[in-house]
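Residue numbers (our numbering): 47 to 554.
For each residue, glycine too, the CB sits at the ideal point set by N, CA and C.
Given the structure is predicted, the values throughout are model-derived calculations rather than measurements.
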């Protein structure tokens with residue numbers, strides 16, 4: 047019930063509305079207000095307060111300051127020709143938020159000069175899964191011509207939004223320019239986000255495992271760069287993947303990188319996001335560019351290794367240098383054991399006894415460090431080089447034991463040197479811990495040449511094979527055979543890569 051009264055003239059000269067919430071429950075703590083309520087209100091009303099500067103929100107007498115959630119802002123003034131007679135200078139304000147608005151998409155807001163909101167529309171980059179939250183406010187009386195009260199949620203221009211075709215054309219051009227501006231602002235943001243994501247994936251240990259050799263480093267860096275560039279084009283590819291899905295996805299991308307097959311890339315990405323023709327072109331370009339970078343890096347790596355090989359030739363063939371076996375030849379081979387294959391890693395080199403070598407070997411294979419004892423008269427012998435890896439042809443553990451002889455001091459290998467390697471072989475093959483049923487062992491004796499007695503034991507002159515069985519083989523090789531074999535392998539790869547580089551460069 048109420049009683050009507052005569053209206054009175056107010057002495058207040060301004061108009062407006064003030065809404066006050068009093069006597070809110072005392073159960074709401076100051077911590078809740080600071081940590082929960084205020085952040086929520088910022089994410090709820092920041093975009094609105096940007097549009098309506100005459101409005102304020104106060105909490106306990108303090109005006110809500112939402113500047114902390116503005117990551118960056120910029121004013122721009124695109125000028126567009128209208129009816130080929132006059133230009134319109136639109137006043138635009140771009141804001142990127144560092145938090146997601148509660149119930150508001152990334153939008154364009156179109157206001158007239160009296161700051162009346164006439165129309166709103168989502169931007170091209172809305173909901174792209176990359177945390178690029180933004181708002182664009184556009185001001186001009188041109189928007190008084192809008193006759194549609196309905197909201198556009200897609201990126202098509204409604205024909206009936208403007209009655210005049212020139213107005214429609216101008217509005218479409220404005221939207222295009224603003225979306226292009228947003229794309230430019232997004233690129234450095236995505237670059238930073240891509241770095242953050244790759245670091246996060248490394249910490250989660252979901253990247254494929256690579257070795258520590260130069261070639262492995264090239265492949266690892268190539269994959270990481272590929273992932274970053276994919277993210278910069280389509281962040282949604284990496285959305286909502288659990289840890290196992292991330293691991294599988296990266297393994298598949300690594301296979302694509304190794305093969306360079308763009309169709310395989312499209313199949314993988316199609317399973318995650320829907321690709322249009324522009325996406326396919328962009329991703330194909332990324333694959334080619336990334337592959338080209340990797341090819342160029344690998345060409346440099348191989349060229350450096352060919353130079354390294356030339357230095358080895360000087361040590362073993364230029365006897366006037368008087369190269370020392372341990373100081374020069376041994377240390378060189380230890381540093382560049384890739385000569386025997388990229389897939390191998392070093393277990394140990396000279397001055398390591400068999401028991402210590404066995405301990406290191408088991409640790410590499412099984413991650414277990416434990417003391418091992420060997421009962422053999424030759425257990426105190428020292429191998430020049432002990433390598434282990436996985437044979438890419440059959441996936442079996444493959445081990446190499448190398449005994450090198452300095453050609454400056456030993457012109458021909460004799461039975462004495464071959465017997466030395468056979469003693470190493472005997473120690474290894476008689477240890478159960480050294481002999482998993484799937485393991486294979488290769489023993490190599492290398493020198494300048496060998497005498498007739500050793501030569502008669504060689505059963506294959508092309509390979510230098512002396513003896514073999516189901517789980518081992520023993521070779522005697524000349525330094526010239528070693529260097530020529532490595533040189534052929536590297537030059538073959540170099541020629542193939544140069545052809546691929548030329549092909550990829552033409553397509554850029």
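Which word fits residue i, buried or exposed, when buried means at least 16 other C-beta atoms lie within 10 angstroms of its C-beta?
i           : result
residue 534 : exposed
residue 242 : exposed
residue 78  : exposed
residue 403 : buried
residue 405 : buried
residue 48  : exposed
residue 278 : buried
residue 229 : exposed
residue 303 : buried
residue 112 : buried
residue 439 : exposed
residue 58  : exposed
residue 283 : buried
residue 153 : buried
residue 53  : exposed
residue 205 : Confidence at residue 205 is low in this model, with a pLDDT of 45, below 50, so its placement is unreliable and no value can be given for it.
residue 89  : buried
residue 275 : buried
residue 430 : buried
residue 209 : exposed
Less than 6 Å between C-beta atoms, sequence neighbours within five positions excluded: which residues of the same chain meet that for residue i?
i           : result
residue 157 : 163 and 185
residue 407 : 393
residue 203 : With a pLDDT of only 49 at residue 203, under 50, the local geometry of the prediction cannot be trusted, and no value is derived from it.
residue 385 : 532
residue 213 : 191
Would you verify that the beta carbon of residue i is, or is not, closer than 8 Å to some beta carbon of chain C?
i           : result
residue 369 : Absence of chain C from the displayed structure is noted, only one protein chain being present.
Pull up the CB-CB distance for residue i and residue j, whole angstroms please, since I reckon it's below 8 Å.
i           : j           : result
residue 37  : residue 375 : Because residue 37 is not part of the residues shown, which for the chain are 47 to 554, the question remains open.
residue 360 : residue 367 : 7 Å
residue 12  : residue 143 : In this structure the chain extends from 47 to 554, so residue 12 is not present and cannot be described.
residue 457 : residue 494 : 6 Å
residue 469 : residue 424 : 5 Å
Is residue i near the ligand MN, with its Cβ less than 7 Å from a heavy atom?
i          : result
residue 61 : The ligand MN is absent from the structure shown, which contains no ligands of any kind.
Sorted by chain position, which residues of the same chain lie with C-beta nearer than 8 Å to residue i's C-beta, five sequence neighbours on each side aside?
i           : result
residue 573 : Outside the displayed range of the chain (47 to 554) lies residue 573, so it cannot be described from this structure.
residue 96  : 139, 141, 181 and 183
residue 372 : 396
residue 418 : 401, 404, 405, 408 and 479
residue 74  : 83
residue 521 : 488, 489, 490, 491, 509, 510, 511 and 512
residue 137 : 121, 123, 184, 185 and 186
residue 159 : 185, 186 and 187
residue 537 : 352
From which residue to which residue does the beta strand (DSSP E) around residue i run?
i           : result
residue 513 : 511 to 514
residue 449 : 443 to 450
residue 147 : Note, residue 147: premise wrong, no beta strand (DSSP E); not H, not E.
residue 154 : 153 to 157
residue 486 : 486 to 493
residue 182 : 179 to 185
residue 522 : 518 to 524
In this structure, does DSSP put residue i in helix, strand or coil?
i           : result
residue 270 : helix
residue 245 : helix
residue 368 : coil
residue 383 : helix
residue 164 : strand
residue 64  : coil
residue 125 : strand
residue 455 : coil
residue 287 : coil
residue 189 : helix
residue 548 : helix
residue 439 : coil
residue 102 : coil
residue 252 : coil
residue 425 : coil
residue 81  : helix
residue 208 : coil
residue 139 : strand
residue 419 : coil
residue 483 : coil
What are the boundary residues of the alpha helix (DSSP H) that residue i is part of?
i           : result
residue 412 : 400 to 412
residue 133 : That residue, residue 133, is in no alpha helix (DSSP H); its beta strand (DSSP E) goes 132 to 135.
residue 95  : 84 to 97
Excluding five sequence neighbours on each side, which residues of the same chain lie with their C-beta closer than 7 Å to the C-beta of residue i?
i           : result
residue 539 : 348
residue 286 : none
residue 32  : In this structure the chain extends from 47 to 554, so residue 32 is not present and cannot be described.
residue 118 : 142
residue 422 : 473 and 476
residue 266 : 256
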